[in-house]
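Chemist:
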Ligand SMILES: Nc1ncnc2c1ncn2[C@@H]1O[C@H](COP(=O)(O)OP(=O)(O)OP(=O)(O)O)[C@@H](O)[C@H]1O
Ligand SMILES: Nc1ncnc2c1ncn2[C@@H]1O[C@H](COP(=O)(O)OP(=O)(O)OP(=O)(O)O)[C@@H](O)[C@H]1O
Ligand SMILES: [Mg+2]
Ligand SMILES: [Mg+2]
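Residue numbers (the working numbering), protein chains in the order written: chain A, 501 to 773; chain B, 602 to 865; chain C, 42 to 331; chain D, 572 to 755.
1. Whose C-alpha, out of 571(A), 562(A), 598(A), is nearest the C-alpha of residue 585(A)?
2. Taking C-beta to C-beta, are residue 141(C) and residue 202(C) nearer than 8 Å?
3. Enumerate in chain order the residues of its own chain whose CB-to-CB distance from residue 608(B) is below 8 Å, with the five nearest sequence positions on each side excluded.
4. Residues of chain C with a CB under 7 Å from the CB of residue 861(B): which are they?
5. Of all the residues that make up the segment 148 to 163 of chain C, which are near chain A by a beta-carbon distance shorter than 7 Å?
6. Let me check understanding here. Comparing Cα to Cα, which of 53(C), 166(C), 143(C), 144(C) lies closest to residue 153(C)?
7. Can you tell me whether residue 751(A) is buried or exposed? The criterion is at least 16 other CB atoms within 10 Å of its CB, across all chains shown.
8. Using a threshold of 8 Å, state whether the C-beta atoms of residue 65(C) and residue 264(C) are closer than that.
9. Is it buried or exposed for residue 504(A), if we count other Cβ within 10 angstroms and need 16 for buried?
10. Within 8 Å, do at least three Cβ pairs link the segment 853 to 864 of chain B to the segment 283 to 292 of chain C?
11. Alpha carbon to alpha carbon, what distance is there between residue 724(A) and residue 93(C)?
12. If you drop the 5 nearest sequence neighbours on each side, which residues of the same chain put their C-beta closer than 8 Å to that of residue 543(A)?
13. Below 6 Å CB to CB, which residues in the same chain sit around residue 501(A) once its five sequence neighbours on both sides are set aside?
14. Using a Cβ distance threshold of 8 Å, determine whether the segment 773 to 781 of chain B contacts the segment 836 to 846 of chain B, with at least three qualifying pairs required.
15. When you check each C-beta in the segment 730 to 746 of chain A against every C-beta of chain C, which residues fall closer than 7 Å?
16. Strictly under 8 Å for the Cβ-Cβ distance: is residue 708(D) near chain G by that measure?
17. Looking at the structure shown, is residue 75(C) part of a helix, part of a strand, or coil, going by DSSP?
18. Give me the residue from 262(C), 273(C), 204(C) with the minimum Cα distance to residue 239(C).
19. With distances taken Cα to Cα, identify the nearest neighbour of residue 769(B) among 674(B), 739(B), 760(B).
20. Using beta-carbon positions only, say whether residue 615(D) and residue 734(D) come within less than 8 Å of one another.
21. Using a 10 Å radius around the Cβ and a threshold of 16 neighbouring Cβ atoms, would you call residue 744(A) buried or exposed?
22. Nearest by alpha-carbon distance to residue 309(C): which of 849(B), 820(B), 844(B) is it?
23. Would the beta-carbon of residue 820(B) fall within 8 Å of that of residue 833(B)?
24. Take residue 755(A) as the anchor and find which of 510(A), 539(A), 715(A) has the nearest alpha-carbon.
25. Go through the segment 639 to 705 of chain D residue by residue and report every complete run of the alpha helix (DSSP H) that reaches 4 residues or more, in order.
26. Pick from 257(C), 272(C), 243(C), 285(C): whose alpha carbon is nearest that of residue 70(C)?
27. Please specify which runs of the alpha helix (DSSP H), each continuous and at least 4 residues long, are wholly inside the segment 126 to 164 of chain C, giving them in chain order.
28. Can you find a heavy atom of ligand 4 that lies under 7 Å from the Cβ of residue 242(C)?
29. Which of the three DSSP states is assigned to residue 754(D) in this structure?
30. If residue 189(C) and residue 763(B) are in contact, beta carbons under 8 Å, what's the gap, nearest whole angstrom?
31. Check whether the segment 796 to 812 of chain B touches the segment 821 to 832 of chain B, counting contact only when three or more Cβ pairs, one atom from each stretch, lie closer than 8 Å.
32. When you compare the CB positions of residue 673(B) and residue 652(B), do they come within less than 8 Å of one another, or not?
33. Using the Cα positions of residue 580(B) and residue 695(B), report the straight-line distance between them to the nearest angstrom.
34. So, using beta-carbon positions, are residue 687(B) and residue 753(B) closer together than 8 Å?
35. So, helix, strand or coil for residue 301(C), using DSSP?
36. Measuring only the C-alpha atoms, how far is residue 731(B) from residue 319(C)?
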């Protein structure tokens, strides 16, 4: 049985009140100002670079997982991050580890070789890259692009600039939709696109050209659609959905992060150099 | 030889239920109109018929084969669907290559290709546009190109989704002729339309959808006589028939000539 | 001041062999509802494009002659200002979604954001058009998950919300069910009553006849008739352009062909009802006196 | 372009161009034996956008698209992002006033396009990228030159070949609209 039918909202006052309040993602961590979160992400990357290799990076990865759960996106984050660990991490580690240049290798063949140092080095590098990936993934799991753009507009970034970024991300999704449309069109003409990997790969190439061509013709259609909505009018524009102004919490989090960064730099210079 | 929907429901991935326990059968050679409000589930229903969508619950059988058991491509060879939005269907850079898509894919002989393409072109009257780009054609003509592209494959069932949208009088006449021709050849034609005059003039069997369900399935004269069904599906009679009814010229007739004959 | 004035206007799309508009001379007055009719490819959308400056700003091609919009030559208009002053609902219902908003509610508000309308007013406007078009159930939906007719309504609502004084509307009901079609026409009539100037392209001649003040007939890129609806819809220019007559007018014509012509040729249902019931009464009286 | 595209079109084109550049660069990179270097087909699309929508679109779509690729990969490397921008800019400038959008795409234009792509590639990968590497990142000069030259060669070939292909396809979608006669 189908039970999850979406009930239409009633447009009463309580529904409309949502638009009078700042947009919220329903979680205090994720509701921090997107730019503050962005700054934190950058600072965290700096911290990672300052901390001792391997241990420090591993700690940052762990911290990212904890933060993700605090922000209520734990599951999604872990599933993406696990895949990164397996794919990117595995690949990097293998590529790095087999180029031992020192003498005491466990194993060597031609230019390849594995040694204790190459293992430590590869591990350090791999975990470092993974930590960076974790920070980036976390940021995008926390902040919808739309909110980032709203925050940028709040600090004076031009609407057209923010549109470009938003549209770029949107266009990536649209491309996926285009692929589905073209595949549907092919299927309805009796062209097999379902089934084995070979068949799907075979169907892939003929789809590419139409997908890109239709993306290009969409440019004109989109432009007209936006022009009809007075996109180019230069007067002050307003926001329908809007963000909360950064408050004391935002500044406190940012301050804390700065302290951590400075601490890690001092640590690197004085303690674990 | 039928398309049969057995208690079919369908919900889109976002959770919205678009078709709710529909039972419907279209036999070979039939000519059926599907009418109903916007969002009633017409497009979803016909996409279920050609396998583009598969039911969430229930079964769709095309010539006794469950569409869920075979690829869409296989179903679609029997049941051709002309999309509501022609841009979703047409990808060729000129009309001719669009029409020759199936022949090229299936490596037909030149004679067979020419014969079928010529026939499809003749039925749809798009001979003048063969070398043009479908993108530059007016909406209505693009739609005819989409129809022709499907006719080339000689399917046994043809589904037209809103072919009357934006069509001029001449286009309507052409469409009517085309549907008649297909019927003569034993091809079933299912047409979704909002043009009540077209329905009254062209179809014997009319399926009415409202709120995700089929609420009536009967000859056009019966449907347009049934105030209850019309009200529930928020439909209206063709203008001439409305007039006849307002004037108390019983029976409220659908064809204009009948109305004229009733006036003293 | 005329709303739009065209003198000897010709337009040929880039690299098309034949012009899409030829020798168009038109003077449109503000505050009226104009219907534009003609066969497919007769140039209706092109005419709209010129009036709204889409030609020559977006489509390449050769435009000759003079076009004045609200008293100012088209070339002197800032394209952004035109987009603010003239609302334009495009013909194709499938290409009018902005693609940058996640719900229908926000999609409809987009134009108002660009115009700098403040939030309370935005909410009020959006709610108003949502009620007018009866699309309450859709406001939470992703604009990309709509049926054909629903898309057309949302596109119309988005422009309606912007409340421009001049509206160009190209086949707003092509995908709509009969009831929604009537509703759209009722909205258009209300807009006219509020003093807006409207140019409406439509194939549904029965409805045009009920609502519009004047009709422009296009045939092969030429304007072959322009005048009050009653005159144009009963004139031979309509047949010549291949445009069907309203059903009620058609009934009158067929009666006339059979030598049973009516006193006046009706174009609206009401007019037809009046003249036909008069005829009915007459005959029944004849009957009883005999 | 005989007529500069309207500002709205340009803004939209930057967004869509950057997205195409990103998708191709991120997911369709063909690896080569040389470390950190892969055959990138996204420059073909970028060149086409520069031809159709002008230098500003070319520059920004390239820069933003490349920024997106790197931001979701191994980190931002500003000199190469700039180089991608410069590539789009130069192709756009060298092909100002063309008529591809109206379906004109003959041999003279193909030659002009190829020359422009090679020149733009030279400037981007033999001048901007290596110079930036040396200035911003103090990379050893000989290493960046080797990388730059490799990028120059592989990008020139792919961008010319694929670019011509896409352009001719696109021009075909814009063929002369014949006289549409009014009877069916
Ligand atoms: N891709 C989709 N995702 C989510 N919901 C959808 C999608 N397509 C359609 N719907 C919803 O399903 C319902 C039925 O849609 P459908 O397209 O079948 O209607 P329809 O009867 O063809 O209407 P129309 O006459 O307007 O074309 C609508 O309420 C619509 O909002
Ligand atoms: N972008 C374009 N490029 C080239 N030719 C075009 C373009 N748009 C329209 N045309 C041509 O211009 C002519 C007039 O088209 P237009 O779209 O104005 O007709 P219409 O009266 O609106 O038709 P319909 O009723 O089908 O909407 C047609 O011959 C058409 O093919
Ligand atoms: Mg539909
Ligand atoms: Mg039109």
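Glycine included, every Cβ here is placed at the ideal spot set by N, Cα and C. Bear in mind that the values here come from a model prediction, so they are computed numbers and not experimental data.
Modeler: In short, the structure shows the following:
1. 562(A)
2. no
3. 622, 623, 624, 658, 659, 660
4. 292, 295, 296
5. 150, 151, 152, 154, 155, 156, 157, 158, 159, 160, 163
6. 166(C)
7. exposed
8. yes
9. Summary for residue 504(A): the model assigns pLDDT 41, below 50, so the residue's position carries little reliability, and this model does not support an answer.
10. yes
11. 12 Å
12. 757, 758, 760, 761
13. In this prediction, residue 501(A) has a pLDDT of 39, which is less than 50 and means its spatial position is unreliable; nothing more can be read from the coordinates.
14. no
15. 730, 731, 732, 733, 734, 735, 736, 737, 738, 739, 740, 741
16. The structure shown contains no chain G; its protein chains are A, B, C and D.
17. strand
18. 204(C)
19. 739(B)
20. yes
21. exposed
22. 844(B)
23. no
24. 539(A)
25. 649 to 665, 678 to 692
26. 257(C)
27. 145 to 156
28. yes
29. With a pLDDT of 40 at residue 754(D), under the threshold of 50, the predicted position of this residue should be treated as unreliable, though the coordinate-derived value follows. Residue 754(D): coil per DSSP, three-state reduction.
30. 6 Å
31. yes
32. yes
33. Look at the range of chain B in this structure, 602 to 865, and you will see that residue 580(B) is not part of it.
34. no
35. coil
36. 53 Å
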